[in-house]
Amino acid sequence: MFTDLTHVTILVDDQDEALDYYTNTLGFGTHDDAAFGDGMRWVTVAPLISLLKLYT
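UniProt numbering numbers the first residue of the sequence shown as 1 and each following residue consecutively.
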């Protein structure tokens with residue numbers, strides 16, 4: 001039985017567009033935004049007061 005949900009992964013086609021939506025439209029904060037391997041990028045956003053983080 002699940003008691004907590006702490007991480008959610010959402011696959012997106014455009015990370016810049018997704019980052020703009022989550023930060024400017026939903027008011028989330030950016031926790032991580034870093035190059036990750038061969039042309040990939042690791043982006044983590046979350047509500048400013050929350051334990052949930054979204055990985056795109």
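Note that CB positions come from ideal geometry on N, CA and C, so glycine has one too.
For secondary structure counted as the beta strand (DSSP E) over 3 or more consecutive residues, the UniProt domain "VOC" (4 to 56) holds these complete runs in sequence order: 7 to 9, 29 to 35, 41 to 46, 53 to 55. With a beta-carbon spacing of about 7 Å, Gly27 and Leu48 fall inside the 8 Å limit used to define contacts. With fewer than 16 other Cβ atoms inside 10 Å of its own Cβ, Val8 counts as exposed. Approximately 11 Å separates the beta-carbon atoms of Thr25 and Val45; this is outside 8 Å, ruling out the contact. Measuring C-alpha to C-alpha distances from Met40 to each of Met1, Tyr21, Thr3, Asp14 identifies Asp14 as the nearest.
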